[in-house]
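S.K.: In the numbering used here, the protein residues as written are 1 to 424. Ideal placement from N, C-alpha and C gives every residue a C-beta, glycine not left out.
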Amino acid sequence: MVRKPVMSSISNGGYLQGDAHGHLPSRGSKHAPEQGKMVLKKKITLLRGISIIIGTIIGAGIFISPKGVLQNTGTVGMSLIVWTVCGLVSLFGALSYAELGTCIKKSGGHYTYILEVFGPLPAFVRVWVELIIIRPAATAVISLAFGRYILEPFFIHCEIPELAIKLITAVGITTIMVLNSMSISWTSRMQMFLTLCKLIAILIIIVLGVMQLIKGQTQHFRDAFSGNDASIIRLPLAFYYGMYAYAGWFYLNFGTEEVENPERNVPLAICISMIIVTVCYVLTNVAYFTTISAEELLLSKAVAVTFAERLLGKFSIAVPVFVALSCFGSMNGGIFAVSRLFYVASREGHLPEILSMIHVRKYTPLPAVIVLFCQVAFYWISSCRADLSPIQTTRYASSFQGATVYTSSVFLHLLFHGGLVPLF
1 MVRKPVMSSI SNGGYLQGDA HGHLPSRGSK HAPEQGKMVL KKKITLLRGI SIIIGTIIGA
61 GIFISPKGVL QNTGTVGMSL IVWTVCGLVS LFGALSYAEL GTCIKKSGGH YTYILEVFGP
121 LPAFVRVWVE LIIIRPAATA VISLAFGRYI LEPFFIHCEI PELAIKLITA VGITTIMVLN
181 SMSISWTSRM QMFLTLCKLI AILIIIVLGV MQLIKGQTQH FRDAFSGNDA SIIRLPLAFY
241 YGMYAYAGWF YLNFGTEEVE NPERNVPLAI CISMIIVTVC YVLTNVAYFT TISAEELLLS
301 KAVAVTFAER LLGKFSIAVP VFVALSCFGS MNGGIFAVSR LFYVASREGH LPEILSMIHV
361 RKYTPLPAVI VLFCQVAFYW ISSCRADLSP IQTTRYASSF QGATVYTSSV FLHLLFHGGL
421 VPLF
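#1: Please report the Cβ distance between Leu-160 and Thr-364, rounded to the nearest whole angstrom; I am assuming they are in contact, meaning their Cβ atoms lie under 8 angstroms.
#2: On the DSSP bridge assignment, give the partners of Val-259 in chain order.
#3: Which residues in the same chain as Met-192 place their Cβ atom closer than 6 angstroms to its Cβ, once the five residues preceding and following it in sequence are excluded?
#4: Enumerate in chain order the residues of its own chain whose CB-to-CB distance from Lys-42 is below 6 angstroms, with the five nearest sequence positions on each side excluded.
#5: Since Thr-73 and Leu-325 are thought to touch, with beta carbons under 8 angstroms apart, how far apart are those beta carbons, to the nearest angstrom?
#6: If you check the beta carbons only, do Val-125 and Tyr-241 fall under 7 angstroms apart?
#7: Using 7 angstroms as the threshold, is the C-beta distance between Gly-101 and Asn-253 below it?
#8: Against chain B, does Trp-249 count as a neighbour if the rule is that its beta carbon must be under 7 angstroms from one of theirs?
#9: Can you check which of these residues, Leu-203, Ala-60, Glu-130 and Thr-278, is closest to Ser-90 by C-alpha distance?
#10: Relative to the alpha-carbon of Pro-153, which residue among Lys-314, Phe-250 and Gly-61 has its alpha-carbon at the smallest distance?
#11: Grab me the residues of Leu-46's own chain with a C-beta within less than 7 angstroms of its C-beta, minus the 5 sequence neighbours each way, in chain order.
#12: So, helix, strand or coil for Ile-233, using DSSP?
#13: Grouping DSSP H, G and I as helix and E and B as strand, with all else coil, what is His-220?
#14: For the candidate residues Gln-71, Gly-108, Thr-139 and Gly-93, whose alpha-carbon lies nearest to that of Ser-330?
#15: Report yes if the CB atom of Val-323 is closer than 7 angstroms to the CB atom of Ser-316, and no otherwise.
#16: Which one of His-350, Leu-366, His-359 and Leu-88 has the shortest CA to CA distance from Pro-120?
#17: By DSSP, does Gly-248 sit in helix, in strand, or in coil?
#18: Cβ atoms of Leu-355 and Ser-181: under 7 angstroms apart, would you say?
#19: From what residue to what residue does the alpha helix (DSSP H) around Gly-87 run?
#20: Could you check how far apart the C-beta atoms of Ala-345 and Gly-108 are, in whole angstroms? I think they sit under 8 angstroms.
#21: Leaving out five residues on either side along the sequence, give the residues of the same chain with a beta carbon under 7 angstroms from the beta carbon of Phe-307.
#22: How many Å lie between Val-117 and His-110 at the Cα?
#23: Here's a check: name, in chain order, each residue in its chain whose Cβ is nearer than 6 angstroms to the Cβ of Gly-87, leaving out the five neighbours to either side.
#24: Classify Met-211 as buried or exposed, calling it buried when 16 or more other Cβ atoms lie within 10 Å of its own Cβ.
#25: Does the beta-carbon of Lys-215 have 16 or more other beta-carbons within 10 angstroms, so that it is buried, or is it exposed?
#26: Of the choices Leu-95, Val-338, His-220 and Ile-176, whose alpha-carbon is the least far from that of Ala-294?
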């Protein structure tokens with residue numbers, strides 16, 4: 001399979017097509033592109049990069065159902081150890097990505113790294129799986145969660161209509177699509193705001209947990225390693241759920257070409273983000289156990305809501321709103337990153353040529369955003385209920401398979417090319 005060059009031209013719709021290296025002629029542009037050519041602009045600062053990673057990793061799971069780890073470990077103490085170890089392992093994986101992001105300064109994330117290290121055929125297969133199943137399904141799952149939890153305060157004592165969930169989902173995903181189509185700067189600003197909101201929500205939970213510990217509420221930590229003994233066979237499942245909760249540290253590398261000073265900002269953003277997320281996850285679980293027993297946590301449909309009801313009373317109604325904002329941030333970061341994946345794959349000739357076009361005035365990969373929007377809409381419209389759990393399970397497996405391939409890419413790249421990552 002040979003990489004197909006993409007001829008430079010301007011279409012009637014006001015979009016430019018790039019060549020095989022992503023460079024575009026400046027005809028039709030109001031701005032003076034770098035070195036006389038139009039490319040996606042470098043507008044991702046260190047802070048914006050951190051917000052993209054944190055905002056994409058932290059979704060609804062830590063607020064609603066962090067019980068997969070506890071269910072498969074059987075004890076409070078072991079579950080906290082698994083959360084910590086998963087954070088450290090994810091940090092090592094993230095550092096591998098930092099190495100790749102500084103050695104291969106091209107957007108596209110793991111697609112680009114597979115292409116450079118393993119060749120075009122594995123990259124071609126991977127990007128089509130991403131295009132058809134993984135990315136639209138993952139975005140559909142989180143978008144339906146957004147639709148459900150934004151309506152939760154209005155349907156406290158009754159079931160939320162499925163049609164209402166899908167309508168709100170449509171509004172949310174359309175808003176993000178328009179935002180990502182119109183401005184990279186506003187997309188980044190929105191991501192920073194949403195990341196701040198979810199960190200504030202987590203900070204509130206942690207502070208409440210610390211207050212409970214000060215009051216002496218430590219009964220659920222006594223005999224932390226005794227209780228329902230889970231089989232050692234189920235321990236890998238605990239790590240399975242834990243590692244999935246940390247998934248998303250690779251999203252910034254999807255847009256490396258848009259990061260300012262990527263040699264410094266990509267590794268810094270990844271390291272800072274993973275440390276913050278790991279600390280937040282572990283302390284949030286500790287906070288839950290100051291008020292909720294292991295048995296109650298396993299039975300709870302929304303752990304953060306149960307936690308808030310006991311400590312905040314009527315103010316617990318705000319929790320679903322924070323969860324919805326968290327989902328919205330994950331959608332925004334995901335669409336930003338995945339649209340760059342499709343754009344780069346098209347630039348290399350592995351996806352239809354139209355996806356390599358960028359808007360001549362907005363400097364956004366609009367066709368890639370629109371295609372992703374249509375795929376996501378297909379998934380949640382065609383689902384008989386507002387639930388895509390089976391698809392999400394498929395995504396779990398894909399995340400682990402992909403992580404193995406990407407980490408292998410680091411060792412192969414170092415073996416044949418050498419070099420060290422300039423972290424600072």
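M.R.: In terms of the structure at hand:
#1: The count along the sequence shown starts at 1 and reaches residue 160 at position 160. The count along the sequence shown starts at 1 and reaches residue 364 at position 364. Per the sequence presented here, residue 160 reads as Ile, with Leu not at that position. No, Ile-160 and Thr-364 are not in contact; Cβ-Cβ is about 34 angstroms, not under 8 angstroms.
#2: Reading the sequence shown from its first residue, position 259 is the one you call residue 259. Looking at the DSSP assignment, Val-259 forms a beta bridge with Ile-44.
#3: Here residue 192 refers to the residue found at position 192 when the sequence shown is read from its first residue. Answer for Met-192: Ser-51, listed in chain order.
#4: Stepping through the sequence shown from its first residue, residue 42 is reached at position 42. Same-chain partners within the cutoff: Glu-258 and Glu-260.
#5: Walking along the sequence shown from the start, residue 73 turns up at place 73. Walking along the sequence shown from the start, residue 325 turns up at place 325. Not a contact, Cβ separation roughly 30 angstroms.
#6: Numbered from 1 along the sequence shown, position 125 holds the residue referred to as residue 125. Numbered from 1 along the sequence shown, position 241 holds the residue referred to as residue 241. The answer is no: Cβ separation not under 7 angstroms.
#7: Here the question's residue 101 lines up with position 101 in the sequence shown. Here the question's residue 253 lines up with position 253 in the sequence shown. Yes, the Cβ-Cβ distance between Gly-101 and Asn-253 is below 7 angstroms.
#8: This model lacks chain B altogether; it includes just one protein chain.
#9: Here residue 90 refers to the residue found at position 90 of the sequence shown. Each of Leu-203, Ala-60, Glu-130 and Thr-278 was checked against the Cα of Ser-90, and the nearest Cα belongs to Thr-278.
#10: Translated into the one-based positions of the sequence shown, residue 153 becomes position 153. Cα-wise, what sits closest to Pro-153 is Lys-314.
#11: Position 46 of the sequence shown, counted from the start, is the residue given in the question as residue 46. Closer than 7 angstroms at the Cβ level, and outside the excluded window around Leu-46, lie Asn-265, Leu-268 and Ala-269.
#12: On the sequence shown, residue 233 is found 233 positions in, with the first residue counted as 1. Helix.
#13: Here residue 220 is taken as the residue at index 220 of the sequence shown, counted from 1. Reduced to three states, the DSSP call for His-220 is helix.
#14: Start at 1 with the first residue of the sequence shown, and residue 330 comes out as number 330. Measuring from the Cα of Ser-330, the nearest candidate turns out to be Thr-139.
#15: Residue mapping note: residue 323 aligns to position 323 of the sequence shown, counting from 1. Residue mapping note: residue 316 aligns to position 316 of the sequence shown, counting from 1. No, Cβ-Cβ distance for Val-323 and Ser-316 is not below 7 angstroms.
#16: Residue mapping note: residue 120 aligns to position 120 of the sequence shown, counting from 1. With distances taken between Cα atoms, Pro-120 lies closest to His-350.
#17: Here residue 248 corresponds to residue number 248 of the sequence shown, with the count starting at 1. The answer is coil: DSSP assigns Gly-248 none of H, G, I, E or B.
#18: As a first step, residue 181 must be located in the sequence shown, where it is residue number 181. As a first step, residue 355 must be located in the sequence shown, where it is residue number 355. Here Ser-181 is not near Leu-355, since their CB atoms are 7 angstroms or more apart.
#19: The residue given as residue 87 occupies position 87 in the sequence shown. Note, Gly-87: alpha helix (DSSP H), 76 to 103.
#20: Counting from one through the sequence shown, the residue named residue 345 turns up at place 345. Counting from one through the sequence shown, the residue named residue 108 turns up at place 108. Indeed, because the Cβ distance is near 7 angstroms, the residues count as touching under 8 angstroms.
#21: Stepping through the sequence shown from its first residue, residue 307 is reached at position 307. If we look at Phe-307 and ignore the five residues flanking it on each side, its Cβ neighbours are Ile-205, Tyr-288, Thr-291 and Ile-292.
#22: The residue given as residue 117 occupies position 117 in the sequence shown. The residue given as residue 110 occupies position 110 in the sequence shown. For Val-117 and His-110, the distance between alpha carbons rounds to 10 angstroms.
#23: In the sequence shown, counting from the first residue as 1, residue 87 sits at position 87. Thr-278.
#24: Counted from its first residue, the sequence shown places residue 211 at position 211. Counting Cβ neighbours within 10 Å, Met-211 comes out exposed, since fewer than 16 surround it.
#25: Translated into positions along the sequence shown, residue 215 becomes position 215. Classification for Lys-215: exposed.
#26: Counting from 1 along the sequence shown, the entry for residue 294 is found at position 294. Comparing Cα positions, the closest option is His-220.
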